[in-house]
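**Q**
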Amino acid sequence: MTNEAKETHTLEVVDPAPGAGATAPDELKDQGTSAAARQVPCAENTMRMLERRKVVRPIRDSGGRRLFGPSDIRAAREYLKRNPAAT
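Every letter in the sequence shown is one number past the one before it in the working numbering, and letter 67, counting from 1, is 67.
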């Protein structure tokens, strides 16, 4: 048995300044169909239609669920502004 020195590290938790590093909720992580549709705003079926039309390209999790990122939400908003009849 060897006698190795163990390093210990301490982590100091500090409250950030107000607003420092704050991001909008749609920029934090990928969202499911329902949450993304609320962000756009549109119906969930519209988000699926936009995927079929290749307007948005959500990734899929291991269970096959669509995960829409911030760029997908922006693309959907812009598309629906230009094509209001698409909803």
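For every residue, glycine included, the Cβ atom is placed at its ideal position computed from N, Cα and C. Here the structure is a predicted model, which is why all the values come from computation and not from measurement.
1) Pull the bridge partners of R60 from the DSSP assignment, please.
2) Whole-angstrom Cβ separation of Q31 and L80, contact assumed at under 8 Å?
3) Going straight from the alpha carbon of R53 to that of R77, what length do you get?
4) Compute the minimum distance between the beta carbon of L80 and the heavy atoms of the ligand COA, and state whether it is under 7 Å.
5) Apart from the five residues just before and just after V55, which ones in its own chain have a Cβ nearer than 8 Å to its Cβ?
**A** The structure says:
1) R66
2) Not really, about 17 Å apart at Cβ, beyond 8 Å.
3) 14 Å
4) Of ligands this structure carries none, so the ligand COA is not represented either.
5) A75, A76 and Y79
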